[in-house]
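Written out below as structure tokens is the structure these notes cover.
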Amino acid sequence: MSVFNSLPTPPAAPKKPVSDTRHGITRTDDYAWLRADNWQAMFKDPSILDPEIRRHLEAENAYMNAAMEDTKPLQKLLFSEMRGRIKEDDSSVPVKDGAYAYGTSFVTGGEQPRYFRIARDGDVADETIRTVLLDGDKEASGKAYFRLAGLDHTTDHSRGIWGYDDKGSEFFTLKVRDLATGQDLEDRIENTGGGGVWAPDGKSFFYSALDENHRPSKVFHHIVGRPQSEDRLVYEEADAGFFMGVGGSLLDDVIYIDIHDHETSEYRLLSTMDLTAEPKLVAAREEGIEYSLTEGGDIFYILTNDGGAKDFKIMEAPVDNPGKENWREVVAHKPGTLIISHMAYARHLLWLERKDGLPQIMIRDRATGEEHAIAFAEEAYSLGLSGAAEYDTDVIRFSYSSMTTPSQLYDYNMVTRERTLLKTQEVPSGHNPDDYITRRVFAPAWDGETVPVTLLYRKDTPLDGTAPCLLYGYGAYGITIPAGFNTNCLSLADRGFVYAIAHIRGGKDKGFSWYEDGKMNKKTNTFKDFVAAADYLNQQKFTSYAKIIAEGGSAGGMLMGAVANMAPEKFAGLIAAVPFVDVLNTMLDDTLPLTPPEWPEWGNPIDSREEYEQIAAYSPYDNVGAKAYPPILALGGLTDPRVTYWEPAKWVAKLRDQTTGAAPILLKTNMDAGHGGASGRFQRLEEIAFEYAFAIKVAGKM
């Protein structure tokens, strides 16, 4: 019997066929009309959305609300539980930088962070000595959506750049604040990526500007007090397939311009001794070669995969002549041990690496070459390396957590090797790690590989196939899903769920080759791995097919669409958040913001018939067919520039038209938010509570 009873008739999107012929192959799209012709302008002003499209999205929302009406008390309960696990007046441990230490805090009931500072050695616990530099709740007042991009202070601590997006479109506005008075200056910089880098004198800064396609394509130099129209263009990237970022060094002597797509990178450097000079090229881009720089005094340390170093190595080169001909190896490539990131300080080089799916921090004394690792004991865990804000230091900061262990923040002395516990994440409503079990199991894949799966469940959960399971996956861009502490999923575990993360190909969980084996012409490995994880959990009786709810967002939403087509009978339900499901149409549309930079990940179906056919074979929207789909919840954001709202809207329309079953297919479009969903910390919890309520309802656990 269906858990969804007496639903109204679902919206049926009218079919308005549009044909497209490429490489001699013609496809017909019945729902192309859901893509607003004026989408670029609409992202900035949603009120101009075509009325027919708006009516359809609102009808979908009304149907979704009817289907989920009986879960509203459950949603409130879940929200209350999740909120109860958050320390509402939480504060970060301030980071020392010069005469001050900078941190963030929340107030009870507040949605947005406050940025504050104290004297360098002030009492962290004494809130009366904090100077609030930026109050996010105050800035967000009266706005349906508001997202802060942070606050970056000048070297002399007198001014700060801060950024905000109040549409959800990820076009950020920058302002300059006088940190002594708390007042913003006249400067207002529109259409930026959200941050800036100060020149050492604090009189000017550099920022990346977004073009109409939402691509950071230009770096500008802004002099405080002058209008944006007078900003000097420092560098423009002509290749529509590349993104740009701008950053600074701890020594304040160089501005980095980082140009990259998903597999190729290039750096240009600007000396802060001459801000009007042309940026200097480090090493010209070569397809498939990545590198990144960190400064170590008179040398750069360069993390790269050059020369066949698939899992990366670290080189060094002189700051005054950093060209590739001067690169010298300092940390060798070790196949199977992926170097993720690196940092350099006056006396130490450190890097974060991953081996056998688990991260560790490596530290090398620059004078002696002696190395040591910071070791951890749990079977699966997550590490965050934040380093330090000062170059001349022996103390770095890192965070540690596991699925059962709340986050712990440490200072670590690289000389004495002593850890100082600064803070343990508080769970105000209580949390006993001994009530839960976390495990890492390995599911056999179709080709002999094994797929790591991280599990969390209560000790008293029966492992006889009766437990429901929420199985999460992503599997793209080399992104590794950490096995860290997540207070929200405890609401599922406490209801008898097994919470599972499938570390499938397309991420770098098992090294760079794990990523390569889940992209381009090997993309279907990602989907097969996820089904293999479901098969294993069913076979080992952690759960059963009739109890597995799959969840993924963005590229993980593509995963949801693909497994729905491949194996709908193996899932009780699917949650697809901002799902990238219309892959072929999107990759054929080079006017969309993310299309050219995405070609190295998925393929370029415009130029290549072979890549067209590869994508067409798995693109979820194109492969919807006559079969019984399980209950599906798709979520979109009207102003999302990354996965446009029409992708889930078209997908749901086609699923509903094609399915041979009676299970409801629901679409929730957030009319006020973009890719990240709601912007406030509690607003976001409401969205998670909604998704979990769907999972609990589908699992029959209400």
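With the first letter of the sequence shown counted as 1, position 430 gets the number 1651 in my numbering; the numbers rise by one all the way through. Beta carbons: idealized from backbone N, C-alpha and C, even for Gly. The model shown is predicted, which means the values in this text are computed figures rather than measured ones.
Thinking C-alpha only, which one of the options is nearest residue i?
i, options, result
"A1320", "D1342, V1314, R1306", "D1342"
"D1632", "D1656, G1605, A1234", "G1605"
"T1198", "N1709, L1691, D1668", "Residue 1198 is absent from the structure shown; the chain starts at 1222 and stops at 1923."
"D1356", "P1267, M1494, F1337, E1348", "F1337"
"G1696", "T1249, E1484, I1725", "I1725"
"A1288", "D1405, A1793, L1228, G1417", "L1228"
"D1756", "G1727, C1690, G1773", "C1690"
"S1486", "A1721, Q1835, Y1512", "Y1512"
"I1179", "A1588, Y1602, T1589", "Any question about residue 1179 goes unanswered here, given that the chain covers just 1222 to 1923."
"Y1252", "V1873, E1908, I1478, R1902", "V1873"
"I1535", "V1551, E1908, E1591", "V1551"
"T1890", "V1345, R1716, E1908, A1783", "E1908"
"T1558", "S1492, D1577, I1350", "D1577"
"T1860", "R1679, D1893, M1808", "D1893"
Kindly identify the DSSP beta-bridge partner or partners of residue i.
i, result
"M1564", "L1571"
"D1644", "A small fix is needed here, since residue 1644 is Lys in this sequence, not Asp. Per DSSP, L1630."
"I1925", "Given a span of 1222 to 1923 for the chain in the structure shown, any question on residue 1925 remains unanswerable."
"R1409", "K1396"
"L1813", "Answer is none; L1813 lacks a bridge partner."
"H1443", "F1426"
"C1690", "V1719, I1769"
"N1891", "G1858"
"M1465", "I1480"
"M1536", "I1523, E1550"
"H1374", "G1381"
"G1324", "F1337"
"T1168", "Because the chain here runs from 1222 to 1923, residue 1168 falls outside it and cannot be looked at."
"K1576", "T1558, L1579"
Would you report the Cα separation of residue i and residue j, rounded to the nearest angstrom?
i, j, result
"M1222", "R1575", "Only weak support is given to the placement of M1222: the predicted model assigns it a pLDDT of 43, under 50, and the value that follows is read from those uncertain coordinates. Roughly 46 angstroms separates the two Cα atoms."
"Q1629", "Q1646", "6 angstroms"
"A1598", "E1639", "17 angstroms"
"S1718", "R1660", "Before going further, note that residue 1718 is Phe rather than Ser in the sequence given. Near 14 angstroms, if we compare the C-alpha coordinates of R1660 and F1718."
"T1515", "A1609", "13 angstroms"
"A1579", "I1702", "Looking at the sequence shown, residue 1579 is not Ala but Leu. So the two alpha carbons sit approximately 11 angstroms from each other."
"L1758", "V1662", "9 angstroms"
"A1370", "P1862", "17 angstroms"
"A1785", "K1791", "9 angstroms"
"P1752", "A1788", "Strictly speaking, residue 1752 in this sequence is Val, with Pro absent from that position. Cα to Cα, V1752 sits roughly 8 angstroms from A1788."
"W1820", "A1798", "22 angstroms"
"G1384", "V1314", "22 angstroms"
"L1564", "G1466", "One point to set straight first is that residue 1564 is Met, not Leu, in the sequence displayed. If I take the Cα positions, the gap works out to 18 angstroms."
"V1503", "L1490", "7 angstroms"
"K1871", "A1365", "26 angstroms"
"V1804", "L1876", "16 angstroms"
"A1401", "S1379", "7 angstroms"
"T1292", "D1586", "57 angstroms"
"E1348", "P1556", "49 angstroms"
"G1359", "G1728", "Strictly speaking, residue 1359 in this sequence is Lys, with Gly absent from that position. Between K1359 and G1728, the C-alpha separation is close to 39 angstroms."
"P1421", "R1830", "51 angstroms"
"F1733", "D1532", "6 angstroms"
"V1224", "V1919", "7 angstroms"
Is DSSP giving residue i helix, strand or coil here?
i, result
"Y1385", "strand"
"A1430", "strand"
"A1723", "strand"
"E1451", "helix"
"V1873", "helix"
"S1486", "strand"
"G1778", "helix"
"M1222", "At M1222, the pLDDT of 43 sits below 50, so the modelled position is not reliable and the matter cannot be decided from this model."
"V1239", "strand"
"L1472", "coil"
"P1665", "strand"
"V1353", "strand"
"V1672", "strand"
"S1492", "strand"
"T1230", "coil"
"V1418", "strand"
"V1316", "strand"
Open item on the list: Whether or not the segment 1290-1303 and the segment 1904-1913 are in contact is what I'm after, with contact meaning three or more pairs of Cβ atoms, one per stretch, closer than 8 angstroms; do they touch?
Closed with: A contact exists between the segment 1904-1913 and the segment 1290-1303.
- [ ] Mind the definition here: the segment 1705-1716 touches the segment 1732-1742 only if three or more C-beta pairs lie below 8 angstroms; say whether that holds.
- [x] Segments in contact, no.
Open item on the list: Counting beta carbon pairs with one atom in the segment 1664-1680 and one in the segment 1769-1784, are three or more of them shorter than 8 angstroms?
Closed with: Not touching, per the Cβ criterion.
TODO: Taking 8 angstroms as the threshold, find out whether the segment 1811-1828 comes into contact with the segment 1487-1500 through three or more Cβ pairs.
DONE: Segment contact: the segment 1811-1828 against the segment 1487-1500, fewer than three CB-CB distances shorter than 8 angstroms; contact not assigned.
Task: Meets three-Cβ-pair contact criterion under 8 angstroms: the segment 1872-1887 and the segment 1834-1853 - done: Yes, they touch.
TODO: Please confirm if the segment 1258-1276 is in contact with the segment 1386-1395, defined as three or more CB-CB distances below 8 angstroms between the two stretches.
DONE: Yes, the segment 1258-1276 is in contact with the segment 1386-1395.
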